[in-house]
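Peer 1: Just passing along the structure, written as structure tokens.
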Amino acid sequence: MKQIMVDVERCNGCLTCTLACSAAHSLTDTIVAAMAAKTPARIQVMPVKGKAVPLMCRHCEEPACVDACMAGAMQKDPVTGIVTNEGNEQACVGCWMCIMACPYGAVTQHPNGKTALKCDRCRGRETPACVESCPNNALRFVEVGEFAAEKAAKTAVSQLTGT
Amino acid sequence: MHHVIIGNSAAGIRAAETLRYLDPVSDISIISEEDIHAYSRCLLPDFLAGSRSEREIYFRPEDFYARNRIQTIFGSKAESIDPEQRRVLLDDGTRLSYDKLLIATGASSTLPPIPGIDSPNVFGLRHLRDARNILKACAKARRVVIIGAGFVGLEAATALYRQGLEVTVVEKMPQILPQQFDTLAADIILQDIQAEGIRFVLGRGIKEISPPSVWGRIFSNPGCGVVLEDGTRLKAEVIIIAAGTRPNVEVALSAGIKINRGIPVNDFMETNVPHIYAAGDVAETKDVVTGQTGLTPIWPNASAQGRTAAYNMVGHPKAYGGMIGLQNAVEFRDVPAIAMGISRPAGADYQVLSSYHPEKNRYKKLVLLNDRLVGMILVGDIHQAGIYGALIKNKASVSRFNDLLLRDDFSYGYLAT
Ligand SMILES: Cc1cc2nc3c(=O)[nH]c(=O)nc-3n(C[C@H](O)[C@H](O)[C@H](O)COP(=O)(O)OP(=O)(O)OC[C@H]3O[C@@H](n4cnc5c(N)ncnc54)[C@H](O)[C@@H]3O)c2cc1C
Numbered sequence: 060m061k062q063i064m065v066d067v068e069r070c071n072g073c074l075t076c077t078l079a080c081s082a083a084h085s086l087t088d089t090i091v092a093a094m095a096a097k098t099p100a101r102i103q104v105m106p107v108k109g110k111a112v113p114l115m116c117r118h119c120e121e122p123a124c125v126d127a128c129m130a131g132a133m134q135k136d137p138v139t140g141i142v143t144n145e146g147n148e149q150a151c152v153g154c155w156m157c158i159m160a161c162p163y164g165a166v167t168q169h170p171n172g173k174t175a176l177k178c179d180r181c182r183g184r185e186t187p188a189c190v191e192s193c194p195n196n197a198l199r200f201v202e203v204g205e206f207a208a209e210k211a212a213k214t215a216v217s218q219l220t221g222t
Numbered sequence: 019m020h021h022v023i024i025g026n027s028a029a030g031i032r033a034a035e036t037l038r039y040l041d042p043v044s045d046i047s048i049i050s051e052e053d054i055h056a057y058s059r060c061l062l063p064d065f066l067a068g069s070r071s072e073r074e075i076y077f078r079p080e081d082f083y084a085r086n087r088i089q090t091i092f093g094s095k096a097e098s099i100d101p102e103q104r105r106v107l108l109d110d111g112t113r114l115s116y117d118k119l120l121i122a123t124g125a126s127s128t129l130p131p132i133p134g135i136d137s138p139n140v141f142g143l144r145h146l147r148d149a150r151n152i153l154k155a156c157a158k159a160r161r162v163v164i165i166g167a168g169f170v171g172l173e174a175a176t177a178l179y180r181q182g183l184e185v186t187v188v189e190k191m192p193q194i195l196p197q198q199f200d201t202l203a204a205d206i207i208l209q210d211i212q213a214e215g216i217r218f219v220l221g222r223g224i225k226e227i228s229p230p231s232v233w234g235r236i237f238s239n240p241g242c243g244v245v246l247e248d249g250t251r252l253k254a255e256v257i258i259i260a261a262g263t264r265p266n267v268e269v270a271l272s273a274g275i276k277i278n279r280g281i282p283v284n285d286f287m288e289t290n291v292p293h294i295y296a297a298g299d300v301a302e303t304k305d306v307v308t309g310q311t312g313l314t315p316i317w318p319n320a321s322a323q324g325r326t327a328a329y330n331m332v333g334h335p336k337a338y339g340g341m342i343g344l345q346n347a348v349e350f351r352d353v354p355a356i357a358m359g360i361s362r363p364a365g366a367d368y369q370v371l372s373s374y375h376p377e378k379n380r381y382k383k384l385v386l387l388n389d390r391l392v393g394m395i396l397v398g399d400i401h402q403a404g405i406y407g408a409l410i411k412n413k414a415s416v417s418r419f420n421d422l423l424l425r426d427d428f429s430y431g432y433l434a435t
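If you read the protein sequences in the order shown, they are chains F and V.
Quick note: the first sequence uses the numbering used here, first residue 60, plus one each step.
Quick note: the second sequence uses the numbering used here, first residue 19, plus one each step.
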């Protein structure tokens with residue numbers, strides 16, 4: 060299964076990915092429409108000690124957000140592996156349990172204040188918009204393992220567990 | 019192989035779907051006393067408020083059981099378990115054989131033993147039938163008194179207020195949400211709800227409920243009286259008791275399963291009786307923060323426990339990672355808030371970092387013990403809750419970024435780089 064992998068070293072914080080994300084989620088798939096409708100981005104680029112760090116959902120194997128979802132809206136598609144609270148039979152109520160549960164802080168409140176917002180990996184699009192737009196190759200959509208995925212994951216885990 | 023699950027809610031459903039995912043061929047049956055598709059109790063307040071219909075509180079699609087080939091035995095109560103014969107006895111006399119059994123019977127509302135508690139129009143709020151009865155009673159009511167300013171009480175209060183009723187909440191502790199929030203956080207949330215128009219009586223418990231008097235009934239004034247400890251009387255046509263829950267352990271008792279308050283289970287969600295597992299509000303598990311075994315009656319934990327139980331039931335040993343027992347997200351009106359772990363530390367060993375911006379209704383409190391985050395409260399801005407939660411859960415040392423923790427831009431990035 061392909062995943063979006065981040066090479067932090069390559070990110071220079073240009074925010075192109077956030078614009079592309081908004082555009083891809085606007086009605087007409089354009090940046091103009093996204094700006095007009097204030098379509099929020101589902102990827103964040105955060106400043107960390109003076110360095111830009113892109114943050115987004117990893118579509119976890121065992122997503123804590125899915126366990127936490129009391130409405131049943133947040134589901135992981137067994138075929139595509141995509142975790143999303145949109146387009147399922149159950150609708151999101153905006154209870155924020157997923158925000159509380161996500162260890163990566165990848166779920167946010169939609170500016171409408173009513174639902175949770177997260178990456179849906181551009182549903183069905185061959186390459187997610189953020190990846191496609193990144194001029195620095197900091198984001199890549201690859202089979203896990205091709206990338207230095209394990210290494211990246213390991214450092215992250217060791218930081219988290221303090222080991 | 020026949021997997022039998024008692025309870026059709028967070029833990030039971032998550033277990034059932036995981037069982038089916040892991041094991042395409044075995045038989046799976048769910049027994050439920052409630053004769054209805056799996057619905058989310060957490061959305062009962064939305065149902066009370068009229069913002070969601072019965073169908074809209076279902077938390078799985080309508081074809082869930084068919085698609086997952088799950089046999090449903092609804093409207094039946096499991097009366098007892100015979101662990102020798104591996105059979106469950108239902109209230110209609112049916113016996114059901116199992117290879118593995120999951121007890122996911124959840125909890126019930128506790129009703130305090132005060133005079134008049136069995137008067138008409140006094141309700142708990144746990145089941146859809148409670149919510150239906152409350153709405154029916156409210157159709158002819160003007161005033162509602164809610165006993166208990168915990169999470170469920172406040173949810174019920176805001177829901178019924180939205181239906182146009184006059185709502186008074188009575189709480190015997192001096193603050194609202196006493197289990198999760200400290201006084202400052204509770205105060206911010208209280209002001210937010212009060213601004214809506216809901217009345218509060220804090221620091222006073224109730225003594226009795228006096229049923230409508232004969233004259234009252236004759237002159238069609240059917241209100242009950244709620245008598246507080248200090249003698250104050252409040253009149254209401256509908257009274258909702260939201261004074262906590264107790265685990266449904268009766269059926270486990272019949273099998274000789276060990277019980278504390280709930281059913282203690284090991285890391286594999288096993289009870290002390292072979293082939294019988296427990297998960298959800300009925301189970302006692304180890305809290306990752308306090309290390310103590312106890313009830314953790316919240317939805318995410320019930321789901322995670324059900325999912326873990328399923329792995330072990332099919333013979334893939336999987337340990338329950340442990341969850342933070344106390345965690346809750348609330349938003350009654352405008353101000354979202356989340357509390358987790360040890361949010362009100364007692365003792366000098368704890369270090370507390372906090373920031374408070376009254377003008378923005380923002381409050382953040384982080385509780386540390388020996389360089390590890392053990393609890394937190396976020397009010398107003400909750401976007402970092404998950405990161406703090408992960409730090410708490412993983413007992414990560416935060417000494418490296420102690421001074422950055424409180425910042426509004428503290429993110430996962432600090433951990434990953
Ligand atoms: C109004 C309300 C709001 C809530 N809001 C939140 C929230 O915002 N966040 C949160 O984390 N949690 C919330 N909770 C708590 C959450 O609903 C529970 O933690 C969760 O439902 C537990 O799931 P469970 O599967 O363990 O058991 P339950 O949901 O209690 O379900 C158990 C089921 O088993 C059935 N049963 C019991 N005994 C038998 C028997 N002998 N035979 C057959 N069937 C039986 C019961 O009838 C019931 O249907 C809320 C609860 C309520 C009532």
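All C-beta atoms in this analysis are idealised placements derived from N, C-alpha and C, irrespective of residue type, glycine included.
In its own chain, which residues sit with a C-beta less than 6 angstroms from the C-beta of G223 (chain V), not counting the 5 before and 5 after it?
Peer 2: Once the five neighbours on either side are set aside, the close Cβ partners of G223 (chain V) are K190, E247.
Peer 1: Since I281 (chain V) and E302 (chain V) are thought to touch, with beta carbons under 8 angstroms apart, how far apart are those beta carbons, to the nearest angstrom?
Peer 2: 6 angstroms
Peer 1: Less than 8 angstroms between the CB atoms is what I'm expecting for D200 (chain V) and I395 (chain V), so what's the real figure, rounded?
Peer 2: 6 angstroms
Peer 1: Using 8 angstroms as the limit for Cβ to Cβ distance, is D126 (chain F) near chain V?
Peer 2: For D126 (chain F), at least one C-beta of chain V is nearer than 8 angstroms to its own C-beta.
Peer 1: Please return the same chain residues whose Cβ sits closer than 7 angstroms to the Cβ of C193 (chain F), not counting the five positions on each side in sequence.
Peer 2: T75, C76
Peer 1: So N346 (chain V) is in the beta strand (DSSP E); what residue range does that whole segment cover?
Peer 2: 345-349
Peer 1: Does DSSP put Y432 (chain V) in a helix, in a strand, or in coil?
Peer 2: Correct three-state label for Y432 (chain V): helix.
Peer 1: Quick one, are the C-beta atoms of H242 (chain F) and A175 (chain F) less than 8 angstroms apart?
Peer 2: The question about residue 242 (chain F) has no answer, for chain F in this structure spans 60 to 222.
Peer 1: Within the continuous alpha helix (DSSP H) that includes Q103 (chain F), where are the two ends?
Peer 2: Taken as a continuous stretch (DSSP letters only), Q103 (chain F) belongs to no alpha helix (DSSP H), being part of the beta strand (DSSP E) at 103-107.
Peer 1: Whole-angstrom Cβ separation of L172 (chain V) and A130 (chain F), contact assumed at under 8 angstroms?
Peer 2: With 8 angstroms as the limit, L172 (chain V) and A130 (chain F) do not qualify as a contact, their Cβ atoms being about 19 angstroms apart.
Peer 1: What is the DSSP secondary structure of M358 (chain V), counted as helix, strand or coil?
Peer 2: strand
Peer 1: Between L146 (chain V) and I54 (chain V), is the Cβ-Cβ spacing less than 8 angstroms?
Peer 2: yes
Peer 1: Compare the C-beta of P354 (chain V) against all C-beta atoms of chain F and say whether one is closer than 8 angstroms.
Peer 2: yes
Peer 1: In chain order, what residues of the same chain have a beta carbon less than 7 angstroms from the beta carbon of T222 (chain F), not counting five sequence neighbours either side?
Peer 2: Because T222 (chain F) sits at a pLDDT of 44, beneath the cut-off of 50, its placement in the model cannot be relied upon, and the following sentence gives the value as read from the coordinates. Result list for T222 (chain F): empty, nothing under 7 angstroms.
Peer 1: Among residues of its own chain, excluding the 5 on either side of R325 (chain V), which ones have a beta-carbon nearer than 6 angstroms to its beta-carbon?
Peer 2: R32, T36
Peer 1: So P318 (chain V) and D88 (chain F) are supposed to be a Cβ contact under 8 angstroms. How far apart are they, rounded?
Peer 2: No, P318 (chain V) and D88 (chain F) are not in contact; Cβ-Cβ is about 35 angstroms, not under 8 angstroms.
Peer 1: Enumerate in chain order the residues of its own chain whose CB-to-CB distance from A28 (chain V) is below 7 angstroms, with the five nearest sequence positions on each side excluded.
Peer 2: Within the same chain, G298, W317, A320, S321, G324 come within 7 angstroms of A28 (chain V) by CB-CB distance, once the 5 residues on both sides are set aside.
Peer 1: Does the Cβ-Cβ distance between G343 (chain V) and D305 (chain V) come in under 8 angstroms?
Peer 2: A contact, by the Cβ cut-off of 8 angstroms.
Peer 1: Roughly how many angstroms separate the alpha carbons of A96 (chain F) and S85 (chain F), rounded to a whole number?
Peer 2: Using only the alpha carbons, I get a separation of about 7 angstroms.
Peer 1: Do S47 (chain V) and L114 (chain V) have their C-beta atoms closer together than 8 angstroms?
Peer 2: yes
Peer 1: Where C154 (chain F) and E349 (chain V) are concerned, what is the direct C-alpha to C-alpha distance, given to the nearest angstrom?
Peer 2: 7 angstroms
Peer 1: Quick one: grab the DSSP three-state call for R161 (chain V).
Peer 2: strand
Peer 1: Just to make sure I have the definition right: I need the residues of chain F whose C-beta is within less than 8 angstroms of the C-beta of I405 (chain V). Which are they?
Peer 2: The CB of I405 (chain V) comes closer than 8 angstroms to the CB of P162, Y163, G164 in chain F, given here in chain order.
Peer 1: In the structure shown, what three-state DSSP assignment does I216 (chain V) receive?
Peer 2: coil
Peer 1: In this structure, what does DSSP give as the bridge partners for H20 (chain V)?
Peer 2: V:D45
Peer 1: For R38 (chain V), which residues in the same chain have their Cβ closer than 8 angstroms to its Cβ, ignoring the five residues on either side in sequence?
Peer 2: These residues qualify, in order along the chain: I46, N86, R87, I88.
Peer 1: Provide the residue(s) that pair with P162 (chain F) in DSSP beta bridges, ordered along the chain.
Peer 2: DSSP lists no partner for P162 (chain F).
Peer 1: Is N144 (chain F) near ligand 1, with its Cβ less than 7 angstroms from a heavy atom?
Peer 2: no
Peer 1: If we ignore side chains and look at the alpha-carbon of each, how far apart do G221 (chain V) and Q193 (chain V) end up?
Peer 2: 7 angstroms
Peer 1: Taking just the CA atoms, how far does L195 (chain V) sit from A150 (chain F)?
Peer 2: Here the C-alpha atom of A150 (chain F) lies approximately 28 angstroms from the C-alpha atom of L195 (chain V).
Peer 1: Quick one: is the Cβ of T128 (chain V) within less than 7 angstroms of any heavy atom of ligand 1?
Peer 2: Outside the cutoff, so no.
Peer 1: Which stretch, first to last residue, makes up the alpha helix (DSSP H) that contains R199 (chain F)?
Peer 2: Run containing R199 (chain F): none in the alpha helix (DSSP H); it sits in the beta strand (DSSP E), 198-202.
Peer 1: Closer than 7 angstroms by C-beta to L198 (chain F): which residues in its own chain qualify, once you throw out the five before and the five after it? Chain order, please.
Peer 2: I63, V65, C76, P113, C189, V190
Peer 1: Out of V:V269, V:G312, V:R264, V:R279, state which residue places its alpha-carbon closest to the alpha-carbon of D285 (chain V).
Peer 2: Ranking the options by Cα distance to D285 (chain V), first place goes to V:G312.
Peer 1: Strictly below 7 angstroms CB to CB, what residues from chain V border M105 (chain F)?
Peer 2: D427, S429, G431
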